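>
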Amino acid sequence: MSKGFDDIPFFDEEPAPRKPAPAAGGIAARAMAARDKAKRPDYLSGLNPEQTEAVETLEGPVLVLAGAGTGKTRVLTTRIAHILSTGRAFPSQILAVTFTNKAAREMKERIGVLVGHAVEGMPWLGTFHSIGVKLLRRHAELVGLRSDFTILDTDDVVRLIKQLIQAEGLDDKRWPAKQFAGMIDTWKNKGLDPSQIPEGDARAFANGKGRELYAAYQNRLLTLNACDFGDLLLHPIRMFRANPDVLREYHDKFRYILVDEYQDTNTAQYMWLRLLAQRPRAKTEAKAAAPGEARASRSWPDDVSSAPAERSRASGDSVSANHRAEARRGQAAVAPDGAPPRSEPRSGDSVSANRHQQINICCVGDDDQSIYGWRGAEVDNILRFEKDFPGAKVIKLERNYRSTEHILGAAAHLIAHNEGRLGKTLFTERTNPDDEKVHVHAAWDSEEEARAIGEEIEQLQRQKHNLNDIAILVRASFQMREFEDRFVTLGLNYRVIGGPRFYERLEIRDAMAYFRLVCQPADDLAFERIVNTPKRGLGDTTVRTLHDYARARDIPMFAAASDIIETDELKPKARKALFDVVTDFRRWQTLLETTPHTELAEQILDESGYTAMWQADKSAEAPGRLENLRELIRSMEAFESLRGFLEHVALVMDAEQNEDMDAVSIMTLHSAKGLEFDTVFLPGWEEGLFPHQRALDEGGRAGLEEERRLAYVGITRAKRRCHIWFVSNRRIHGLWQSTMPSRFLDELPIDHVEVAEQDVSYGGYGRGGYGQSRFDKADPFENSYQTPGWKRAQQHRSEATRDNWGTRSGHAVERIGYGESGPRTRMIEGELVAKSTTSEPSRFNIGDRVFHLKFGNGNIAAIEGNKLTIDFDRAGQKRVLDGFVERV
DNA sequence: CCTGAGAAGTTTTTT
DNA sequence: ACTTCTCAGG
1 MSKGFDDIPF
11 FDEEPAPRKP
21 APAAGGIAAR
31 AMAARDKAKR
41 PDYLSGLNPE
51 QTEAVETLEG
61 PVLVLAGAGT
71 GKTRVLTTRI
81 AHILSTGRAF
91 PSQILAVTFT
101 NKAAREMKER
111 IGVLVGHAVE
121 GMPWLGTFHS
131 IGVKLLRRHA
141 ELVGLRSDFT
151 ILDTDDVVRL
161 IKQLIQAEGL
171 DDKRWPAKQF
181 AGMIDTWKNK
191 GLDPSQIPEG
201 DARAFANGKG
211 RELYAAYQNR
221 LLTLNACDFG
231 DLLLHPIRMF
241 RANPDVLREY
251 HDKFRYILVD
261 EYQDTNTAQY
271 MWLRLLAQRP
281 RAKTEAKAAA
291 PGEARASRSW
301 PDDVSSAPAE
311 RSRASGDSVS
321 ANHRAEARRG
331 QAAVAPDGAP
341 PRSEPRSGDS
351 VSANRHQQIN
361 ICCVGDDDQS
371 IYGWRGAEVD
381 NILRFEKDFP
391 GAKVIKLERN
401 YRSTEHILGA
411 AAHLIAHNEG
421 RLGKTLFTER
431 TNPDDEKVHV
441 HAAWDSEEEA
451 RAIGEEIEQL
461 QRQKHNLNDI
471 AILVRASFQM
481 REFEDRFVTL
491 GLNYRVIGGP
501 RFYERLEIRD
511 AMAYFRLVCQ
521 PADDLAFERI
531 VNTPKRGLGD
541 TTVRTLHDYA
551 RARDIPMFAA
561 ASDIIETDEL
571 KPKARKALFD
581 VVTDFRRWQT
591 LLETTPHTEL
601 AEQILDESGY
611 TAMWQADKSA
621 EAPGRLENLR
631 ELIRSMEAFE
641 SLRGFLEHVA
651 LVMDAEQNED
661 MDAVSIMTLH
671 SAKGLEFDTV
681 FLPGWEEGLF
691 PHQRALDEGG
701 RAGLEEERRL
711 AYVGITRAKR
721 RCHIWFVSNR
731 RIHGLWQSTM
741 PSRFLDELPI
751 DHVEVAEQDV
761 SYGGYGRGGY
771 GQSRFDKADP
781 FENSYQTPGW
791 KRAQQHRSEA
801 TRDNWGTRSG
811 HAVERIGYGE
821 SGPRTRMIEG
831 ELVAKSTTSE
841 PSRFNIGDRV
851 FHLKFGNGNI
861 AAIEGNKLTI
871 DFDRAGQKRV
881 LDGFVERV
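Take 1 as the starting number for the first sequence in full-length UniProt numbering and just add one per residue.
(1) With a cut-off of 8 Å, do at least 3 Cβ pairs link the segment 164-171 to the segment 181-196?
(2) With respect to the alpha helix (DSSP H) encompassing His648, which residues constitute its N-terminal and C-terminal limits?
(3) Determine the burial state of Ala526: buried for a count of at least 16 other Cβ atoms within 10 Å of its Cβ, exposed for fewer.
(4) Let me make sure I understand the geometry here. Which of Ala140, Ala443, Asp201 and Leu95 has the alpha-carbon closest to that of Leu273?
(5) Measuring CB atoms only, is the segment 230-241 touching the segment 130-148, in the sense that at least three cross pairs come out at less than 8 Å?
(6) On the criterion of 16 or more Cβ atoms from any shown chain inside 10 Å, does Met480 qualify as buried, or is it exposed?
(7) Assign Glu567 to one of three DSSP states: helix, strand, or coil.
(8) Does DSSP put Met480 in a helix, a strand or coil?
(9) Assuming Val532 is part of the beta strand (DSSP E), what are its boundary residues?
(10) At what residue ranges does the segment 686-748 contain a whole run of the beta strand (DSSP E), taking only runs of 3 or more?
(11) Return the bridge partner residues of Tyr270 from the DSSP annotation.
(12) For Ser619, count neighbouring Cβ atoms within 10 angstroms of its own Cβ and tell me buried if that reaches 16, exposed if not.
(13) Run the CB neighbour count on Gly365, radius 10 Å, all protein chains shown included, and call it buried at 16 or more, exposed below.
(14) From Ile453 to Ser446, what does the alpha carbon distance come to, in whole angstroms?
(15) How far does the beta strand (DSSP E) with His441 in it extend, from its first residue to its last?
(16) Where do the ends of the alpha helix (DSSP H) carrying Arg105 lie?
(17) Check whether the Cβ atoms of Gly498 and Met667 sit closer than 8 Å, and answer yes or no.
(18) Under DSSP, the alpha helix (DSSP H) around Arg495 begins and ends at which residues?
(19) By how many angstroms is the C-alpha of Glu706 removed from the C-alpha of Ala800?
(20) Check for me: the beta strand (DSSP E) holding Met512 runs from which residue to which?
(21) Among the residues of its own chain, which have a CB less than 8 Å from the CB of Leu651, if the five just before and after it don't count?
(22) In this structure, what does DSSP give as the bridge partners for Leu258?
(23) Check whether the Cβ atoms of Gly116 and Lys108 lie closer than 8 Å to each other.
(24) Give the DSSP-derived three-state secondary structure of Lys618 in the structure shown.
(25) In its own chain, which residues sit with a C-beta less than 6 Å from the C-beta of Cys722, not counting the 5 before and 5 after it?
(26) So, does the segment 218-228 touch the segment 240-259, judging by three or more C-beta pairs under 8 Å?
(27) So if DSSP puts Lys424 in a beta bridge, which residue, or which two residues, is it bridged to?
(28) Can you check the segment 120-147 for any beta strand (DSSP E) of at least 3 residues that lies completely inside it and give the ranges in chain order?
(29) With DSSP run on the structure shown, which of helix, strand or coil describes Leu85?
(30) At the level of alpha carbons, what is the spacing between His648 and Ser635?
(31) Go through its chain and collect everything with a Cβ distance to Glu405's Cβ below 7 Å, but skip five positions before and after it.
(32) Return the first residue and the last residue of the alpha helix (DSSP H) that Phe677 is part of.
(33) Applying the criterion that 16 or more other CB atoms from any shown protein chain within 10 Å of the CB defines a buried residue, is Gly703 buried or exposed?
(34) Excluding the 5 residues flanking Arg421 on each side, which residues of the same chain have their C-beta closer than 8 Å to its C-beta?
(35) Are the CB atoms of Asp660 and Asn466 nearer to each other than 8 Å?
(36) Would you identify the three-state DSSP class for Lys209, choosing helix, strand or coil?
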């Protein structure tokens, strides 16, 4: 069943260990064992009792609930080091899954540091997806693929779906491919085949053809010998269910399973994990080989036994080639610290003993940091761990090593407003009277917010703080721009983390399509992408002809092209052009084996005319694109072959950043998870933005709680200083809106919060010809809240909220001036923003003399709904919302 | 084939 | 309000 197991060249198992093993029971081994007993290994020192327990509880299921900053990664890596150095397993017998490549990389590095060089990497440490790819490359034929299948990214997927929608004769305007791609993704996150999707979902798209379309999509992928990201999880699941013998090999193989960020697992990942982590019960196993078995496990997870039970017998029949190979290596193996790998099979006898070995799963996570519900993560997975794995040991890590007590106190009080938590309380023993409280600041608008934060950062810079220790964490990426603009004018270094990816750029994707087609002539998506890029006179008509020709014969388009140029089906001009393309690719394909890949890549881009195309392009971005192409070639150097590079890009999609520069980090709260900074700025704490209106609309109470967890994540990123900001006016989609401070501000504990009073250094805001700013006044926070817009916001709120939330009111921000409105309800869909677009007749008349806080006095020149055009005495003509001016 | 007008969509993001 | 993409018409 698992043929091809050993002859796929892409991945090597661990290299053979170097040192010979001391004879079992020999003097040296006994001495070492004694030494191990007497002396705790270095890597265990410095762990607190809970961490130690999490590291040393190696048998049975373990759930580690690790609050923010409690040493989660340290526990994981130390646990692995412990398993390895006590010889309980080889690196290749440990399955360790993370969500991001970054986390996987970090873990590898840290394990390397702990155990030294003796461990040459861990072949099964990686993201769910990269491990999925590895499994699939080995067993591709079991799910109807070839092992050289391509991995499609979202862009490819959307284009493919668009083709399918058109092929169905549907209007691709009415039924956007992108939307359907999203639906498929959601289904796949839940582990659903086309046959399993809810009827409602199936009907919701394409005149009820949702299900057919999904099925057609899956078929097309198989024809293309391709996978989307979801398939990287689902195919292995299918494969394991249909082939219990293959699954058994992996049960035997993986003694220890570790999962990072368990709160982020979606249903598919959960299914995947349970398949690998739970051996079937003895009873089930007896009929495991029966064909019906795969079917029987369909309704899983509900009917699967929860206990990772031991097997009743060793069925010596299926020790795989791989397993034997591993056992062979075991003969000569030495664990990193020199101790013999005790439980490694050394004889036929211990091989069968091994078959009784239980699989030890350890999941690490924090329910309070679950912020990916919107993309299918199921917090529930972590909440029901004990049910899934009876007898599980649950260890809470609550001792925080990162933040001051004020920061922790603020975060804890905030998150306590969530229900349905497992309930942890972080604490720290480091208290220092000098520690700053969490600061809450108000600003007039987002521009001022950016300016003030910019100044504060310059202040820190003058105090010799590293910019690298400072971060601005925003809720939505559009907030970043204002900071970037400001920092550019200030000349302050910054780096934006996240954002558009290198490998998603047009020119990079084009170049990659060339490379893909060279390596993989059946890659139709790549073919279509570049067949006429640069322009070769192979327009729609030619491509359609090719497409039809290929479909009719069920061959790839490249093959169709090769055929069709032998016929006279095309016009001479197109035929010649196509002939050239085909000959080019054939030539490059032959060079693949002989020419160094970077050289070949360059050659491809040059000879295809792709480079020339951008050189001829006179647009502003052309030079940048050329630079990116050079960068692409450069980044290939680190890889052995074009194929290896393609694989890496498909999975990683990320190019690393320049870490050398001292710069402020700007990123979203989501991408900040797992990071820490001395000083953290959290701008934009306003209703509607944070919590985000859409999260509330679509997620209801759960949505609100997830937003609150996001706030929690934000605050807990800070080690020493945390500055929260909100503004009264923000431009959203071009419209200025008055905003209300976030309800999360009310949920901060007054004891740990300090509301910023007037700060001399802010005195300059709003001057520069605009007349008076709020900050020019004695109480900077008082007057802004007396504007009509503000008052209206107040009114809206008190109407909407007057009642029942007796818990507490927001004294934290009381001094800012809106505390008098009293307790608020915990409304989810309240009137959150004083809507500036009303259709009521204006309160103003043309010619009225008015005052605006920012622009000063002026006369109304025109009225358009609630928008006023005003000739200001000092600031000139401006359009403003009527909420922001007062008659004088 | 190129260009410009019009439409649509603007939470969070990995793989 | 702004950007980005699509498509129609030159």
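For glycine and all other residues, C-beta sits at the position ideal for the given N, C-alpha and C. Computed from a predicted model, the values in this text were never measured in an experiment.
The short version:
(1) The way I'd put it, the segment 164-171 doesn't touch the segment 181-196; fewer than three beta-carbon pairs between them come closer than 8 Å.
(2) For His648, the enclosing alpha helix (DSSP H) starts and ends at Leu642 to Val652.
(3) Around the CB of Ala526, 16 or more other CB atoms lie within 10 Å, so the residue is classed as buried.
(4) Ranked by Cα distance from Leu273, the options Ala140, Ala443, Asp201 and Leu95 are led by Leu95.
(5) They touch, by the three-pair rule.
(6) By the 10 Å Cβ count, Met480 comes out buried.
(7) Sequence check: residue 567 is Thr here, not Glu. Correct three-state label for Thr567: coil.
(8) Helix, per DSSP.
(9) Note that residue 532 is Asn in the sequence shown here, rather than Val. For Asn532, no beta strand (DSSP E) run applies, since DSSP gives it neither H nor E.
(10) Counting only runs of 3 or more, we get 718-732 and 735-738.
(11) According to DSSP, which records beta bridges pairwise, Tyr270 is partnered with nothing at all.
(12) With fewer than 16 other Cβ atoms within 10 Å, it is exposed.
(13) Result: buried.
(14) Going by the C-alpha atoms only, they are around 10 Å apart.
(15) Per DSSP, His441 belongs to the beta strand (DSSP E) from Val438 to Asp445.
(16) For Arg105, the enclosing alpha helix (DSSP H) covers residues Asn101 to Val115.
(17) Yes, Cβ-Cβ distance for Gly498 and Met667 is below 8 Å.
(18) Taken as a continuous stretch (DSSP letters only), Arg495 belongs to no alpha helix (DSSP H), being part of the beta strand (DSSP E) at Tyr494 to Val496.
(19) Residue confidence for Ala800 is low, a pLDDT of 30 falling below 50, so the modelled location carries little weight; the figure read from the coordinates is stated next. When rounded, the distance between both Cα atoms is 23 Å.
(20) Going by DSSP, Met512 is part of no beta strand (DSSP E) but of the alpha helix (DSSP H) stretching over Leu506 to Cys519.
(21) Answer for Leu651: Asn101, Thr127, His129, Ser130, Val133 and Ile151, listed in chain order.
(22) Looking at the DSSP assignment, Leu258 forms a beta bridge with Ala96 and Cys362.
(23) Not a contact, by the Cβ cut-off of 8 Å.
(24) It is coil, neither helix nor strand.
(25) Counting only Cβ-Cβ distances below 6 Å, and skipping sequence neighbours, we find Ile407, Val438, Val680 and Ile715.
(26) At 8 Å Cβ cutoff, the stretches do not touch.
(27) Answer is none; Lys424 lacks a bridge partner.
(28) Counting only runs of 3 or more, we get 125-127.
(29) First, the residue type needs correcting, since residue 85 is Ser and not Leu in the sequence shown. Here Ser85 sits in helix by DSSP.
(30) Here the C-alpha atom of His648 lies approximately 11 Å from the C-alpha atom of Ser635.
(31) Around Glu405, the same chain offers Thr428, Thr431 and Asp435 as residues with beta carbons nearer than 7 Å, after the five sequence neighbours per side are excluded.
(32) If you look at Phe677, you'll find it isn't in any alpha helix (DSSP H); it sits in the beta strand (DSSP E) that goes Phe677 to Leu682.
(33) It counts as buried.
(34) The residues are Asp367, Asp368 and Ile415.
(35) At least 8 Å separates the beta-carbon of Asp660 from that of Asn466.
(36) Of the three classes helix, strand and coil, the one that applies to Lys209 here is coil, per DSSP.
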